[in-house]
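Protein chains in written order, with the working numbering: chain A, 1 to 453; chain B, 454 to 906. Even glycine gets a Cβ: it sits at the ideal position worked out from N, Cα and C.
2 protein chains.
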Amino acid sequence: MADYGAADLDLCITADLCAFLSRLRLEDLPDDAVRAARRGVLDWIGCALSGSDHPTITKLLSVLEEVSGKPQATVFGRSMKLGVLDAPIANGQMGHMLDFDDTHMGGVVLHASSPILSALFALADRQAVDGATLIAAYAAGFEAGVRAGQAAPGHHNGGWHLTGTLGSIAAGAASARLLGLTPQRTVHALGIATTQAAGMQQNRGTMCKSFHAGKAGHNGVLAALLAERDFDSSGEILEGKRGFCRIYSTETDQDRILEGLGERWEITRNGHKPYACGIVLHPTIDAMVELGTTSGVDAGDVASVELYVHPHAVTITGVEEPRTGLKSKFSLKHTAAVSFIDRAAGIAQFSDSRATSEDAIALRRKVSVVTDETLQKDQARATVITTSGDSHETFVEHAIGTVENPMTDAAIEAKFLANASPVIGADRASALCDLIWKLDTLDDVQALTALCA
Amino acid sequence: MADYGAADLDLCITADLCAFLSRLRLEDLPDDAVRAARRGVLDWIGCALSGSDHPTITKLLSVLEEVSGKPQATVFGRSMKLGVLDAPIANGQMGHMLDFDDTHMGGVVLHASSPILSALFALADRQAVDGATLIAAYAAGFEAGVRAGQAAPGHHNGGWHLTGTLGSIAAGAASARLLGLTPQRTVHALGIATTQAAGMQQNRGTMCKSFHAGKAGHNGVLAALLAERDFDSSGEILEGKRGFCRIYSTETDQDRILEGLGERWEITRNGHKPYACGIVLHPTIDAMVELGTTSGVDAGDVASVELYVHPHAVTITGVEEPRTGLKSKFSLKHTAAVSFIDRAAGIAQFSDSRATSEDAIALRRKVSVVTDETLQKDQARATVITTSGDSHETFVEHAIGTVENPMTDAAIEAKFLANASPVIGADRASALCDLIWKLDTLDDVQALTALCA
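Written out as structure tokens, the structure reads:
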């Protein structure tokens with residue numbers, strides 16, 4: 001019989017977090033956080049552009065174009081603008097469309113940039129925003145979203161798609177910072193964003209999965225705009241008795257929310273994907289690309305493939321016979337097969353035609369998977385045995401794109417140019433790249449969005 | 454290691470439900486269901502109009518007006534239109550703003566009309582829709598939302614605000630039916646709507662509570678419009694291994710979803726509120742209004758009040774000293790006091806000024822509450838003891854507005870006129886009333902929305 005206050009009355013977790021976030025400035029961030037922001041913006045815009053002409057986006061835009069009136073915010077890769085609540089749905093879904101966007105490496109499987117940056121760029125098209133403010137807001141989004149996830153350890157296993165749920169929280173916090181809201185209004189923005197947080201793992205392998213990222217961006221923008229007009233919410237949305245940590249998770253670890261705030265920067269633990277699929281597949285891809293490159297074995301001469309992976313890798317990748325490109329991203333066996341044959345795991349390896357091609361089907365049926373608890377999540381071992389009995393083996397210590405083995409700036413730039421050039425042309429892609437590397441000094445980030453249209 | 458199919462492979466719960474809903478027509482409904490639909494629309498429009506000039510709605514509209522372009526859909530009680538995704542946010546929040554809208558009586562505390570009708574009237578402003586189709590869609594929304602809730606028995610206790618969560622499901626199903634979607638597309642609409650479902654009880658007593666109802670309407674419209682363009686989703690969003698029943702509830706009872714479909718009509722179990730607060734307070738109000746009317750005792754002569762209520766009644770109404778009208782709706786003691794003094798529990802009894810008025814404060818401090826497990830949820834007992842030692846007692850067998858003791862059509866009409874007339878004038882309110890009583894015969898329901906502007 002009570003008023004949903006925090007269980008522990010001397011704590012004001014949400015209020016303390018929001019006071020911190022509302023005051024966050026570029027100057028507060030260490031150099032590696034600012035560098036991570038530049039890399040994050042560059043990689044994400046490339047992913048959004050490469051997803052912008054996907055048929056799913058065309059369906060989405062056919063609805064949004066009909067219902068959205070004011071041309072306030074740029075739709076990436078398209079010659080249209082949408083209202084500031086609608087553009088994030090499109091841009092956020094584009095960013096996550098190909099499963100090619102960044103993944104946080106702090107124990108929370110959050111693709112943070114799609115919800116956060118879809119929200120921020122829409123708001124930045126509505127009013128002038130400098131690069132320093134955008135970076136501070138981006139970093140604020142990471143702190144809120146990742147920390148909320150760390151405080152709810154049962155959240156992922158509960159069946160939630162974190163890019164939808166934590167993405168709403170992250171986008172709300174980031175949008176509040178971009179708008180320069182007071183600490184109290186930031187509390188409200190977080191409360192309004194969190195009460196809209198949704199996204200179910202049941203929808204993996206459907207168009208809804210990437211939609212969650214866009215809807216999270218929309219939720220965040222709406223939350224911040226409402227809070228700016230003094231629309232209120234619970235002051236304890238994270239720690240309250242019916243707050244996020246308790247209702248979205250069977251376990252809670254609320255101390256994580258404020259732990260090391262201002263010392264550890266979650267944006268610095270953001271991982272970038274060399275491959276266009278879920279991060280759990282990456283160690284296997286590294287292994288199979290290496291074997292495909294070094295073994296000299298033709299796929300037709302392979303008798304069997306044995307994969308040894310961390311148990312986590314198989315919980316969502318058990319599809320045996322994917323019939324679409326989307327489903328093939330949830331097939332460890334397909335991924336291993338095409339990585340070996342093509343020595344790559346880009347957009348082409350997860351297309352509808354590759355998912356149903358004869359050589360991929362033949363090889364993936366020869367793959368067996370063993371889970372090995374002694375392996376780390378970013379490790380994998382693979383053995384290819386030929387029809388003549390030869391054996392080729394490799395071990396991946398840390399997958400490329402993890403904190404321990406990050407993509408280089410040059411690799412991220414190359415990925416960006418490959419993603420962006422086919423959509424906006426090589427010259428504009430190159431100009432965009434130059435601007436993003438000096439993002440912290442830009443007076444108005446509309447210089448970026450103008451090049452993305 | 455699998456693809457999130459149903460645990461029980463011979464069941465296609467979502468598919469069967471959606472096939473049924475997609476084919477539902479006015480002619481399939483028994484007379485009491487059609488009557489319930491007329492009563493539901495009448496009561497809900499009155500509630501939306503009475504909530505339309507609330508300061509919270511003004512804040513909300515100040516944002517929506519700025520970001521929403523196309524004037525596609527009527528905003529009730531206001532001289533503006535918004536886009537078809539945005540108007541439901543406003544109209545749905547208005548409908549639930551004063552806690553005066555209908556409540557389902559089938560074991561699921563769902564205020565179904567605010568999400569469903571905010572969605573349907575927005576879509577009906579976009580294309581001509583006849584009254585028969587609107588009624589079929591409205592009934593379809595009740596079946597989907599209520600049955601999903603019945604299949605997830607731990608959902609409410611898990612901390613969710615059902616009008617947000619089940620409201621999204623209900624609005625999605627209703628919108629799909631209004632648009633005449635195929636069975637397969639109805640499955641997708643339900644999947645897209647459910648994956649957006651949100652709303653936390655942590656936000657009770659804040660502006661977010663009624664916002665949940667509007668956002669649910671928005672989610673449902675977006676889901677149906679996307680499904681119409683073949684945007685897809687999981688085919689097992691309710692029963693899947695990571696489907697609604699499992700991730701939004703600690704218990705599941707999935708057989709409830711299809712049980713008696715087409716025989717029992719959930720819309721016939723919709724309850725209408727004589728009082729402007731949560732349904733759990735209504736038995737107490739009935740008792741205190743009766744004692745206030747019949748005892749002849751002045752509030753100043755009351756020594757003590759004893760309330761005996763079902764334990765459920767106190768779980769969310771324990772606020773001892775509410776300082777706002779909104780908070781006073783979560784105070785059983787405030788409610789008992791003003792019901793006795795004013796012999797009413799309308800909008801005036803839950804205003805900011807009434808929450809802080811001296812006589813209400815003095816009397817509510819004399820109220821003690823006893824929970825009694827032998828009472829039903831719609832029952833209450835109250836005793837008023839005077840300073841001279843006299844005792845006055847009453848027992849409420851079934852609160853007014855329940856299925857066993859429903860408001861009469863005349864009482865609903867009187868409530869509608871009282872709600873609507875101050876906003877749109879007595880003549881228009883009366884004309885609207887006449888139209889709604891013959892809703893099933895209307896060629897185009899825009900005749901209704903035109904009178905609500």
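DSSP state of residue i mapped onto helix, strand, coil
i: residue 377 of chain A; result: coil
i: residue 321 of chain A; result: coil
i: residue 157 of chain A; result: coil
i: residue 78 of chain A; result: coil
i: residue 350 of chain A; result: helix
i: residue 108 of chain A; result: coil
i: residue 29 of chain A; result: coil
i: residue 824 of chain B; result: strand
i: residue 847 of chain B; result: strand
i: residue 461 of chain B; result: With a pLDDT of only 45 at residue 461 of chain B, under 50, the local geometry of the prediction cannot be trusted, and the value read off the model is given with reservation. Reduced to three states, the DSSP call for residue 461 of chain B is coil.
i: residue 41 of chain A; result: helix
i: residue 759 of chain B; result: strand
i: residue 456 of chain B; result: With a pLDDT of 45 at residue 456 of chain B, under the threshold of 50, the predicted position of this residue should be treated as unreliable, and no value is reported.
i: residue 653 of chain B; result: strand
i: residue 384 of chain A; result: strand
i: residue 178 of chain A; result: helix
i: residue 73 of chain A; result: strand
i: residue 405 of chain A; result: coil
i: residue 714 of chain B; result: strand
i: residue 103 of chain A; result: strand
i: residue 842 of chain B; result: coil
Identity of the residue in the options nearest residue i by Cα
i: residue 204 of chain A; options: A:222, A:163, A:236; result: A:163
i: residue 182 of chain A; options: A:224, A:170, A:194; result: A:224
i: residue 161 of chain A; options: B:549, B:742, B:701, B:572; result: B:701
i: residue 739 of chain B; options: B:562, B:608, B:794; result: B:794
i: residue 920 of chain B; options: B:689, B:726, B:489; result: There is no way to answer for residue 920 of chain B, as the model of chain B reaches only from 454 to 906.
i: residue 645 of chain B; options: B:630, B:679, B:661; result: B:679
i: residue 607 of chain B; options: B:561, B:650, B:488; result: B:561
i: residue 905 of chain B; options: B:544, B:513, B:699; result: B:544
i: residue 112 of chain A; options: A:322, A:268, A:396; result: A:268
i: residue 889 of chain B; options: B:876, B:875, B:866; result: B:866
i: residue 801 of chain B; options: B:567, B:871, B:848; result: B:871
i: residue 667 of chain B; options: B:507, B:848, B:689, B:620; result: B:620
i: residue 94 of chain A; options: A:445, A:76, A:393; result: A:76
Distance between residue j and residue i (C-alpha atoms, nearest Å)
i: residue 62 of chain A; j: residue 184 of chain A; result: 38 Å
i: residue 264 of chain A; j: residue 143 of chain A; result: 9 Å
i: residue 398 of chain B; j: residue 681 of chain B; result: Given a span of 454 to 906 for chain B in the structure shown, any question on residue 398 of chain B remains unanswerable.
i: residue 14 of chain A; j: residue 234 of chain A; result: 10 Å
i: residue 456 of chain B; j: residue 653 of chain B; result: Below a pLDDT of 50, predicted positions are generally treated as unreliable, and residue 456 of chain B, at 45, falls in that range; the measurement from the model is reported next regardless. Each residue's Cα considered, the two are about 29 Å apart.
i: residue 787 of chain B; j: residue 828 of chain B; result: 21 Å
i: residue 314 of chain A; j: residue 211 of chain A; result: 24 Å
i: residue 884 of chain B; j: residue 861 of chain B; result: 20 Å
i: residue 461 of chain B; j: residue 710 of chain B; result: In this predicted model, residue 461 of chain B has a pLDDT of only 45, less than 50, meaning its place in the structure is not dependable; the value taken from the coordinates is given anyway. C-alpha separation (whole angstroms): 14 Å.
i: residue 887 of chain B; j: residue 494 of chain B; result: 12 Å
i: residue 330 of chain A; j: residue 291 of chain A; result: 22 Å
i: residue 844 of chain B; j: residue 748 of chain B; result: 9 Å
Item to check | Contacting positions in the region 323-339 of chain A - beta carbon closer than 7 Å to chain B | outcome: none
Next on the checklist: Output needed in chain order: residues of the region 194-206 of chain A with a Cβ under 8 Å from some Cβ in chain B.
Outcome noted: 194, 195, 196, 197, 198, 199, 200, 201, 202, 203, 204, 205, 206
Checklist entry - Which residues, in chain order, does the region 64-75 of chain A contribute to contact with chain B at a C-beta distance below 9 Å? => result 64, 66, 67, 68, 69, 70, 71, 72
Item to check | the region 213-230 of chain A: positions lying closer than 9 Å to chain B by Cβ | outcome: 215, 219, 221, 222, 225, 226, 228, 229, 230
Next on the checklist: Taking beta-carbon pairs under 8 Å, can you tell me which members of the region 232-243 of chain A lie near chain B?
Outcome noted: 232, 233, 234, 236, 237, 240, 241, 242, 243
Checklist entry - Using a beta-carbon distance cut-off of less than 7 Å, what residues from the region 76-88 of chain A approach chain B? => result 83, 84, 85
Item to check | Contact set between the region 711-733 of chain B and chain A, restricted to residues whose Cβ is under 9 Å from the partner | outcome: none
Checklist entry - Do the region 733-748 of chain B and the region 573-589 of chain B meet, that is, are 3 or more Cβ pairs less than 8 Å apart? => result no
Checklist entry - For the 8 Å Cβ check, are there 3 or more pairs between the region 754-768 of chain B and the region 808-828 of chain B? => result yes
Next on the checklist: When you compare the region 744-754 of chain B with the region 786-803 of chain B, are there three or more beta-carbon pairs, one atom per stretch, that lie closer than 8 Å?
Outcome noted: yes
Checklist entry - Is the number of C-beta pairs between the region 705-720 of chain B and the region 660-676 of chain B that are closer than 8 Å three or more? => result no
Checklist entry - In chain order, what residues of the region 146-172 of chain A put their CB closer than 7 Å to some CB of chain B? => result 158, 159, 160
Checklist entry - If you pair each beta-carbon of the region 551-566 of chain B with each one of the region 495-515 of chain B, do three or more pairs fall below 8 Å? => result yes
Item to check | Under 8 Å (Cβ pairs) to chain A, residues found in the region 627-645 of chain B | outcome: 644, 645
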